[in-house]
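First comes the structure, then the notes that go with it.
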Amino acid sequence: MKNKVVYPGTFDPITNGHLDIIKRASKMFDEVIVAVAENKHKKPLFTLEERVIMVKNSLKNLKNVKVDSYKGLLVNYLKKIKRFIVIRGLRAFSDFEYEFQLNLINKRLGNHIEMIYMMPDETYLYISSSAVKELAYHNGPYNKFVPLFVSKKLKEKIKSY
Ligand code: COA
């Protein structure tokens, strides 16, 4: 039970930075559930289903990693699946304030929840899903920062706009 963790995120789309965290977490824990949040307020470029497909495709070689999705509050999802350890990536000081708030809110709403923070490898410190999308919109080298399958999906999506 203690060795099962959840890595939640919007993953719009999943990047090599997320993959770095997931791969490292999969070596430390018995099971990692990558939970894709619907997150309507972020107005994702990809639908929830599309994001789940991209995450699944990117992680198919990691045997102890499962992919799931949820709508609504993270804390309710955690209670539903009875998992109370959450992993988050901390890329920069700018992430800290948001993560601090998220931690306190989740603790207040569900006091069994513990959050573990992992620093990304320095290669990925500056990557974000928004930066990747911005590069894709402007024909920049976005494919350096995402798996090949995601890069293809991103190309198709941008074309259809
Ligand atoms: N490598 C690359 N990028 C990373 C990263 C890493 N290791 N870790 C985070 N990021 C980026 C993401 O790409 C994303 O970039 P973007 O803002 O440009 O899209 C950004 O950091 C934050 O992404 P993410 O880690 O996916 O968090 P989030 O803020 O999108 O989602 C949830 C956080 C999943 C916890 C939250 O939104 C959620 O569950 N929402 C449901 C409602 C809820 O419970 N809210 C909390 C209580 S109010």
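If you count the sequence shown from 1, you need to add 1237 to reach the working numbering.
Yeah, the Cβ is synthetic: ideal placement off N, Cα and C, and Gly gets one too.
Buried versus exposed, by CB contacts within 10 Å (16 or more), Ile1353
exposed
Can you list, in chain order, the residues of its chain whose CB lies under 6 angstroms from that of Tyr1314, leaving out five sequence neighbours each side?
Tyr1307
Considering only DSSP beta bridges, list what Gly1246 is partnered with.
Val1273
Does the region 1356 to 1366 come close enough to the region 1318 to 1332 that 3 or more CB-CB pairs lie under 8 angstroms?
yes
CB of Phe1382 within 8 angstroms of CB of Asn1240, strictly
no
Distance between Ser1397 and Gly1385 (C-alpha atoms, nearest Å):
In the sequence as displayed, the identity of residue 1385 is Leu instead of Gly. Roughly 19 angstroms separates the two Cα atoms.
When you compare the region 1317 to 1325 with the region 1289 to 1296, are there three or more beta-carbon pairs, one atom per stretch, that lie closer than 8 angstroms?
no
Tell me whether Gly1246 is buried or exposed, calling it buried when 16 or more other Cβ atoms sit within 10 Å of its Cβ.
buried
If you scan the region 1288 to 1355 from start to end, which runs of the beta strand (DSSP E) of 3 or more residues do you find wholly inside it?
1302 to 1307, 1322 to 1326, 1351 to 1355
Per DSSP, what kind of secondary structure is Lys1241 in: helix, strand or coil?
strand
Do Arg1288 and Phe1248 have their CB atoms nearer than 8 angstroms?
yes
Is any non-hydrogen atom of the ligand COA found closer than 7 angstroms to the C-beta of Arg1320, if you look at the structure I gave you?
no
Quickly, what does DSSP pair Glu1268 with across the bridge? List them, please.
Lys1241
For the ligand COA, is there a heavy atom less than 7 angstroms away from the beta-carbon of Phe1248?
yes
Asn1255 Cβ short of 7 angstroms to the ligand COA heavy atom set
According to the sequence as given, residue 1255 is His; it is not Asn. It does: the Cβ of His1255 is within 7 angstroms (strictly closer) of some heavy atom of the ligand COA.
Return the CA-CA distance between Glu1275 and Ile1251, expressed in angstroms with no decimal places.
14 angstroms
At a threshold of 7 angstroms, does Pro1357 count as lining the ligand COA (C-beta to nearest heavy atom)?
yes
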